[in-house]
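28 is the number of the first residue of the sequence shown in the working numbering; add one for each residue after it.
Cβ atoms here follow ideal geometry from the backbone N, Cα and C, with glycine treated the same way.
Just so it is clear, the structure is predicted and the values come from calculations on it, not from any experiment.
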Amino acid sequence: MTRGNLHFICRRDIFWHTPTTLRIIRATAPRQEHSNTNMTTYHARFTEGPVGRHVLSMAGTSALGLLAVFLVDILTLMYVSMLDDQSLLAAVGLGKTLMFINSAFSSGLVIGAGALLSERIGRHASRALSRLTSHMLIMALVLAGMIVLLEALFAQSLARWFGGDLAVYQNARLYLWTVVPSSILIAATQMCVQMLRAQGQVKRALVVLLTGAGTLAVADPLFIFGFDMGLEGAAVSCLVSATAALILGLVWVKRHIGMSMQIHVRLLALHTGRTLRVALPAMLGNLAMPVGITYLMVVMAGVGTSALAGMAVVDRILQFGYCVFFALPGALVPVIAQNLGAGRDDRVKAIVVFTRRCVVLYGMALWLCLALAGPWIADHFHLVDAGRALFMAFCQVGAGLWIVFGLDFVAQSMFLTMNRAWWVPVFGWVRGTLGTLPFVYVGVRFFGGSGAVIGMWTGNALVALAAIVTASVVSRRFFARREQALHQH
């Protein structure tokens, strides 16, 4: 028996029965789930072994999954652009925007579900776990389906609101009606991936994502050009790739975690309420991001085409260079939650410290690379005037600020797992409004396009610093309460 298991056995009953302990344990204690079903013990992989290995494995595989998605999105745009019709590109952009709205909600639900499932596995509370996974999949399907229904009802209005011509919508109606519903399958796939991560099946979770990305990369040219389907071929390939990834995800979830074919309405309502305690704040936090970005793009459009070109290159660098940062909440939440469920506070503290160090080291290394290679990259993309100035400002200053943003992602993971999930939308909306609007206005007024971008990141960094400090205070109080409850018992 390992030291981790002994530690868990010694502390499990204390944390289970003390009334002042973790709210997340009280919230997920299976009071209404007792049955005669035999308990199946699932191995809590993240509670044993070096914490650094788990963090690097989860963050690395999550980043690879995001990177694959970014790559195939670019490939799809490239293939559609070869059809030589700007209205088709506009249709793809509209479809991606509608799918982003769905993803903003679905990813919040997925993180909340992953936290709940990880915590249960951590404290070896495996009763009715197969029902929980089934109910989580139902949540994902229902939520994504409701959003798709609303998007279908207001599709024309949304097309005009996002700047699209009504003629674009009419010409691309079949594409939209095919690709947007596929976001329902994608939401279910994301849920499968996060459930596999929660159980420690990191490689299988990555394979599910790569299956979808690889299928799309192969199907796009086949349907668009091989079958001469044009834009509709891009929609069909998206549907095919989503289906392939979902099938594999369902098979592995059923095999390695379990999945019940029965729906229990009372348990479904109970599981939904518990999941939404973390998921709803995460959703609202995701919706805050487009606010500041939209204002920035409006301001940048007034600066000129060159500045927009520079911003486009910066976006590509952010997608590929900083995908590790974007992956942190989804990667860290299962690791932290599983150890909290097992009562391994020492490991949780070590996880936070190790991740913060990795963020700083990675951010510093990438900042140095961009500072040295910035002029060459600008020449490669033929950036001139305002666009070049903007890109060089990012390489020399902005990349340093992104270290703070990486630490902010760690803070979000702490909020989501330490009963302070509502801090995520609070700081998210402050960042998107007070941390963006005045800073962009002042920056563009005095320094042009580069000033607008650096201004936004400066304001965002100040809010991020406040979030990081708050997360540190929250964690100290959180662990102090748990330690006090242990001594009182």
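Using CA coordinates, which residue listed in the options is at the minimum distance from residue i?
i    : options                : result
S161 : R200, H298, T74, L180  : H298
F127 : G141, E178, S157, I148 : E178
L434 : P77, V496, Q423        : V496
Q197 : A215, S114, Q226, V229 : S114
V229 : G401, F381, R472, T88  : T88
G348 : V82, R80, A95, T74     : A95
A182 : V169, L170, R200       : R200
G357 : N366, L93, T74, A261   : L93
T74  : C219, A369, A244, A488 : A369
V235 : Q511, A261, I274       : I274
Y389 : L428, G401, A364       : L428
Q365 : R415, M218, T444       : T444
S133 : V379, M324, D247, I211 : I211
At the level of alpha carbons, what is the spacing between residue i and residue j?
i    : j    : result
L159 : A334 : 49 Å
V500 : V99  : 41 Å
V263 : L223 : 27 Å
V517 : T485 : This structure does not reach residue 517, given that the chain is present from 28 up to 516, and the question cannot be answered.
L266 : D373 : 44 Å
D40  : R509 : Summary for D40: the model assigns pLDDT 34, below 50, so the residue's position carries little reliability; its value from the coordinates is reported in the next sentence. So the two alpha carbons sit approximately 13 Å from each other.
M173 : A315 : 20 Å
R343 : A90  : 15 Å
V421 : I101 : Note that residue 421 is Phe in the sequence shown, not Val. One C-alpha to the other measures close to 22 Å.
G76  : T270 : 35 Å
A71  : H151 : 7 Å
H291 : M166 : 13 Å
F505 : L164 : 31 Å
A354 : Q346 : 11 Å
M338 : D255 : 34 Å
I320 : S209 : 26 Å
Verify whether the separation of the beta carbon atoms of residue i and residue j is less than 7 Å.
i    : j    : result
I138 : V360 : yes
G476 : V330 : yes
A225 : S145 : yes
V490 : G482 : no
V326 : V457 : no
L143 : T332 : no
A448 : A498 : no
L141 : Q221 : For clarity, residue 141 is Gly in the given sequence; the question names Leu instead. Against a cut-off of 7 Å, the Cβ pair of Q221 and G141 comes out as a contact.
G122 : V206 : yes
V451 : P308 : yes
V387 : H81  : no
By the 10 Å Cβ neighbour count, where 16 or more other Cβ atoms means buried, how is residue i classified, buried or exposed?
i    : result
S184 : exposed
M286 : buried
L397 : buried
L417 : buried
Q289 : exposed
L33  : A caution first: L33 carries a pLDDT of 35, below 50, which makes its placement in the model unreliable, though a value can still be read off. The residue is exposed, with fewer than 16 neighbouring Cβ atoms inside 10 Å.
F478 : One detail in the question is off: residue 478 reads as Gly in this sequence, not Phe. Classification of G478: buried, given that the 10 Å Cβ count is 16 or more.
P465 : exposed
H409 : exposed
H514 : exposed
R231 : buried
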